[in-house]
Ligand SMILES: Cc1ncc(COP(=O)(O)O)c(C=O)c1O
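Numbering (the working numbering), first residue to last: 18 to 477.
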């Protein structure tokens with residue numbers, strides 16, 4: 018199995034040919050899900066005692082399994098937050114796989130970690146973090162959010178321990194966030210068994226400094242047993258792309274000694290877009306932030322960048338200790354495993370690093386600006402079409418609107434028809450309790466024409 022045989026040689030050629038062909042496809046087929054029965058019938062049983070052979074497994078993948086997966090890089094995939102990796106990043110993903118790198122420790126993966134850290138430094142510099150900032154690429158925004166909050170609570174507990182007083186277990190720890198914060202913030206709070214102080218955003222959908230102050234005061238009055246140790250501000254909400262009032266929130270967080278985590282999993286990529294940079298004023302005061310290159314920075318899954326202002330705090334919270342791990346501690350090392358809730362890790366930042374190194378950061382800024390242009394076009398067209406109703410002006414690259422006169426069921430029928438005809442993937446959402454459509458534009462290959470095709474399908 019581990020020998021390099023003539024059959025392996027042929028398999029290598031087939032795999033590389035498949036990869037190259039897939040990367041060349043224009044247009045990429047949208048494809049779509051199949052039922053378990055259909056897949057069972059067409060793919061059959063693939064795991065057998067003797068093996069079906071690489072050639073046959075690749076055929077089944079190419080002919081049955083891959084077409085049963087929606088292509089996230091299709092230019093009319095506008096659902097959720099799509100992903101549009103650059104060719105360089107996807108190709109380098111193959112290299113990372115082939116290179117057998119352990120990305121958890123400096124001792125084993127120094128070269129990879131060095132390169133990843135350069136990419137992280139660029140992101141930190143976009144946010145105005147100090148040079149001493151540092152972080153790690155984790156699997157996704159969800160893991161980044163929980164890892165940041167675990168570090169925040171660790172700092173709180175350490176501060177309390179430093180007072181020398183006994184811990185009062187009748188008290189509850191809490192995190193504050195807008196009710197528009199991503200579902201992963203709720204998951205993080207639940208996993209950590211801390212309360213989530215949900216704050217209604219202002220009329221523009223933003224968590225503001227005054228809103229945070231009022232909510233914290235109310236929470237303290239109603240729940241004197243609570244110790245709020247962190248606030249999560251969102252820089253680009255998933256539903257509408259709203260950026261919270263980061264400067265105002267930072268001010269209140271500083272005045273109350275709260276850890277400020279900025280969830281920019283989707284939106285903080287726009288730090289690299291000169292036209293939107295001003296919206297993020299205040300992020301430089303955060304204790305941590307996340308931005309996912311697998312969302313709007315053109316890297317393949319799975320790649321989320323988590324940055325800490327003071328990495329030593331994260332190290333104290335996350336580094337694992339055991340006799341078998343001690344040989345990794347050489348003294349000068351920067352081991353990515355020490356900065357999030359994980360140990361073994363793929364050097365998942367390398368495809369992003371390679372692409373960034375290859376094309377340069379200006380190309381990233383230009384590509385993000387292009388997606389913003391297309392999103393602005395979509396908003397303009399929605400405003401012009403009488404049967405559509407825009408929900409607020411888009412702040413980033415998410416455009417949300419309603420089709421006047423449609424029931425919720427009609428939205429779902431329309432969405433299913435778009436997918437089954439291979440036209441587009443756009444799922445409905447809700448805003449203020451009513452159904453709506455949202456287009457998330459993060460693919461520089463999505464064009465005005467793609468927008469017209471989707472909007473055109475809403476006319477009857
Ligand atoms: C604002 C925000 N935070 C967190 C996440 C979770 O990221 P992931 O899906 O990479 O775990 C998302 C995902 O869309 C998001 O939009």
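All C-beta atoms in this analysis are idealised placements derived from N, C-alpha and C, irrespective of residue type, glycine included.
Buried/exposed call for residue i, threshold 16 Cβ in 10 Å
{"i": "residue 490", "result": "Residue 490 lies beyond the residue range present for the chain, which begins at 18 and ends at 477; the question has no answer from this structure."}
{"i": "residue 186", "result": "exposed"}
{"i": "residue 33", "result": "exposed"}
{"i": "residue 284", "result": "buried"}
{"i": "residue 54", "result": "exposed"}
{"i": "residue 239", "result": "exposed"}
{"i": "residue 156", "result": "buried"}
{"i": "residue 73", "result": "exposed"}
{"i": "residue 204", "result": "exposed"}
{"i": "residue 335", "result": "buried"}
{"i": "residue 481", "result": "Residue 481 lies beyond the range of the chain shown here (18 to 477); nothing can be said about it."}
{"i": "residue 21", "result": "exposed"}
{"i": "residue 112", "result": "exposed"}
{"i": "residue 64", "result": "exposed"}
{"i": "residue 126", "result": "buried"}
Residues near residue i in its chain [Cβ-Cβ closer than 7 Å; skip 5 each side]
{"i": "residue 406", "result": "418, 419 and 421"}
{"i": "residue 432", "result": "443, 444 and 445"}
{"i": "residue 104", "result": "40"}
{"i": "residue 49", "result": "87, 436 and 437"}
{"i": "residue 288", "result": "143, 144, 294 and 297"}
For residue i, the three-state DSSP class (helix, strand or coil)
{"i": "residue 138", "result": "helix"}
{"i": "residue 342", "result": "coil"}
{"i": "residue 109", "result": "helix"}
{"i": "residue 251", "result": "strand"}
{"i": "residue 189", "result": "strand"}
{"i": "residue 64", "result": "coil"}
{"i": "residue 262", "result": "coil"}
{"i": "residue 98", "result": "coil"}
{"i": "residue 153", "result": "strand"}
{"i": "residue 118", "result": "coil"}
{"i": "residue 371", "result": "helix"}
{"i": "residue 244", "result": "strand"}
{"i": "residue 45", "result": "coil"}
{"i": "residue 125", "result": "helix"}
{"i": "residue 225", "result": "coil"}
{"i": "residue 52", "result": "coil"}
{"i": "residue 377", "result": "coil"}
{"i": "residue 470", "result": "helix"}
{"i": "residue 90", "result": "coil"}
{"i": "residue 103", "result": "coil"}
{"i": "residue 147", "result": "coil"}
{"i": "residue 366", "result": "coil"}
{"i": "residue 359", "result": "coil"}
{"i": "residue 477", "result": "coil"}
{"i": "residue 20", "result": "coil"}
{"i": "residue 71", "result": "helix"}
Same chain only: Cβ atoms within 6 Å of residue i, ignoring 5 sequence neighbours per side
{"i": "residue 304", "result": "276, 277 and 326"}
{"i": "residue 296", "result": "260"}
{"i": "residue 225", "result": "219, 262 and 265"}
Check: residue i C-beta below 7 Å from any heavy atom of ligand 2
{"i": "residue 97", "result": "Of the ligands one can find in the structure shown, namely ligand 1, none is ligand 2."}
Residues near residue i by beta carbon distance below 8 Å, same chain, minus five either side
{"i": "residue 470", "result": "93, 440 and 441"}
Ignoring anything shorter than 3 residues or poking outside the segment 400-463, list the beta strand (DSSP E) runs there in chain order.
405-407, 415-420, 445-448 and 451-457
Contained beta strand (DSSP E) runs [length at least 3] in the segment 264-332, N- to C-terminal order: 276-280, 305-308 and 321-325
- Message: Please give the ranges of any alpha helix (DSSP H) in the segment 155-221, keeping only runs that are unbroken, at least 4 residues long and fully inside the region.
- Response: 158-179 and 200-209
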